[in-house]
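Here the UniProt record's numbering is used: the first residue of the sequence shown is 1, the next is one more, and so on.
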Amino acid sequence: LCVCSAPPGDANDAVQNFLRSLQGSSLGTQQQQQQQQSSYDRPFTTLSELLSTNNTIPWLSSTSPEQIDALCMHLPPSLFLLAQESAATTSSAEPSEETARAAIEAMATEQKRELLQRVLRSPQLNQSLGSLTFALRDGGLPMVSEALGVKVENGGMVKGGSVPLGGGEAVEAFVEGVKKGVQDKKKST
1 LCVCSAPPGD
11 ANDAVQNFLR
21 SLQGSSLGTQ
31 QQQQQQQSSY
41 DRPFTTLSEL
51 LSTNNTIPWL
61 SSTSPEQIDA
71 LCMHLPPSLF
81 LLAQESAATT
91 SSAEPSEETA
101 RAAIEAMATE
111 QKRELLQRVL
121 RSPQLNQSLG
131 SLTFALRDGG
141 LPMVSEALGV
151 KVENGGMVKG
161 GSVPLGGGEA
171 VEAFVEGVKK
181 GVQDKKKST
């Protein structure tokens with residue numbers, strides 16, 4: 001029953017100290033969560049922003065005819081057949097590689113460049129880049145990089161763990177893997 005013997009100021013101080021300690025621990029927890037989140041989701045651009053028409057169209061206008069031909073080889077052959085608007089060759093069957101090469105070779109370099117510009121401006125490419133970015137950010141880096149043959153650090157997993165990278169770190173790792181693959185290919189040729 002001696003609880004009343006403490007001066008009233010001491011009770012107030014005890015409550016204030018208790019509230020401050022709770023506030024301090026919640027601030028500490030928030031700071032720890034923010035640090036963990038920022039290390040996990042480091043901001044990094046999207047593939048759509050990296051390959052925007054502001055970046056790609058000027059680059060395309062300065063490429064050599066050999067580079068244009070190399071890029072064209074990565075596009076579906078039906079695009080070239082459609083671009084030539086040949087009714088005889090636009091059947092529902094997928095054209096052969098020889099037919100595709102012939103269609104590409106039949107086009108002038110400027111026609112190929114214009115076709116590539118249309119592809120780079122297409123909403124389908126932009127949507128596909130957005131979907132790929134989303135897949136990478138959501139933990140799909142190991143599967144995507146393996147399917148595309150892009151070698152990424154640690155196989156796309158968090159260092160020392162079995163969890164896939166996510167967020168901006170995954171997109172950055174994918175872009176770095178593509179860059180390294182291009183550099184390695186240049187060194188070997």
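Quick reminder that beta carbons are idealized off the backbone N, C-alpha and C, glycines included. Since the structure is predicted, the reported quantities are computational estimates derived from the model, not experimental observations.
Margin query: Our contact map puts proline 77 next to threonine 99 with C-beta atoms below 8 Å; I'd like the distance itself, whole angstroms only.
Written below: The residue given as residue 77 occupies position 77 in the sequence shown. The residue given as residue 99 occupies position 99 in the sequence shown. That belief holds up - the Cβ atoms of proline 77 and threonine 99 are roughly 7 Å apart, short of 8 Å.
Checklist line | Closest residue to glutamate 176 among Leu115, Gln111, Leu141, Met73 (Cα-Cα distance) | finding: On the sequence shown, residue 176 is found 176 positions in, with the first residue counted as 1. Closest by alpha carbon: Leu141.
Next item on the list: Let me know the secondary structure DSSP gives methionine 143 once reduced to three states.
Entry: Taking the first residue of the sequence shown as position 1, residue 143 is located at position 143. DSSP places methionine 143 in helix when its eight states are reduced to three.
Next item on the list: Could you tell me whether the segment 101 to 110 touches the segment 128 to 144, where touching means 3 or more Cβ pairs closer than 8 Å?
Entry: no
Checklist line | For alanine 70 and glutamine 84, the rounded distance between their alpha carbons | finding: Indexing the sequence shown from 1 puts residue 84 at position 84. Indexing the sequence shown from 1 puts residue 70 at position 70. Roughly 19 Å separates the two Cα atoms.
Next item on the list: For the alpha helix (DSSP H) containing lysine 112, list its first residue and its last residue.
Entry: In the sequence shown, the residue the question calls residue 112 occupies position 112. 109 to 121 is the extent of the alpha helix (DSSP H) around lysine 112.
Margin query: Within the continuous alpha helix (DSSP H) that includes threonine 53, where are the two ends?
Written below: Along the sequence shown, one-based indexing puts residue 53 at 53. From DSSP, the alpha helix (DSSP H) with threonine 53 extends over 53 to 61.
Margin query: Here's the rule: buried if 16 or more other CB atoms are within 10 angstroms of the residue's CB, otherwise exposed. What is leucine 165?
Written below: Against the sequence shown, residue 165 aligns to sequence position 165. Result: buried.
Note to self: Rounding to the nearest angstrom, what Cα-Cα distance links lysine 179 and glutamate 114 in this structure?
What the structure shows: Translated into the one-based positions of the sequence shown, residue 179 becomes position 179. Translated into the one-based positions of the sequence shown, residue 114 becomes position 114. Spanning the two alpha carbons is a distance of roughly 26 Å.
Next item on the list: Select from Lys186, Gly181, Glu172 the residue whose C-alpha is nearest the C-alpha of glutamate 49.
Entry: Locating residue 49 in the sequence shown gives position 49, counting from the first residue. Checked all of Lys186, Gly181, Glu172; the closest Cα to glutamate 49 is Glu172.
Next item on the list: Please report the Cβ distance between threonine 189 and threonine 46, rounded to the nearest whole angstrom; I am assuming they are in contact, meaning their Cβ atoms lie under 8 Å.
Entry: The residue given as residue 189 occupies position 189 in the sequence shown. The residue given as residue 46 occupies position 46 in the sequence shown. Actually they do not touch by this definition, with Cβ atoms about 30 Å apart.
Check: Sorry if obvious, but does the Cβ on threonine 133 come closer than 7 Å to a heavy atom of the ligand NAD?
Finding: The ligand NAD is not part of the structure shown, which contains no ligands of any sort.
Next item on the list: Note the first and the last residue of the continuous alpha helix (DSSP H) segment covering proline 65.
Entry: Residue numbering aside, residue 65 sits at position 65 when the sequence shown is read from its first letter. Where proline 65 is concerned, the enclosing alpha helix (DSSP H) stretches over 65 to 72.
Margin query: When you compare the CB positions of leucine 51 and leucine 129, do they come within less than 8 Å of one another, or not?
Written below: Position 51 of the sequence shown, counted from the first residue, corresponds to residue 51. Position 129 of the sequence shown, counted from the first residue, corresponds to residue 129. It is a contact, given that the beta carbons lie within the stated cut-off.
Check: Hey, threonine 53 and arginine 118: beta-carbon distance below 8 Å or not?
Finding: On the sequence shown, residue 53 is found 53 positions in, with the first residue counted as 1. On the sequence shown, residue 118 is found 118 positions in, with the first residue counted as 1. Result no, Cβ atoms of threonine 53 and arginine 118 do not sit closer than 8 Å.
Checklist line | Distance between leucine 125 and serine 62 (C-alpha atoms, nearest Å) | finding: Numbered from 1 along the sequence shown, position 62 holds the residue referred to as residue 62. Numbered from 1 along the sequence shown, position 125 holds the residue referred to as residue 125. Distance from the CA of serine 62 to the CA of leucine 125, rounded to the nearest whole angstrom, comes to 21 Å.
Checklist line | Residues that proline 164 bridges to, as DSSP identifies them | finding: The residue given as residue 164 occupies position 164 in the sequence shown. Looking at the DSSP assignment, proline 164 forms a beta bridge with Met157.
Next item on the list: Classify methionine 64 as buried or exposed, calling it buried when 16 or more other Cβ atoms lie within 10 Å of its own Cβ.
Entry: One-based indexing of the sequence shown puts residue 64 at position 64. The sequence given here has serine at residue 64, not methionine. Classification for serine 64: exposed.
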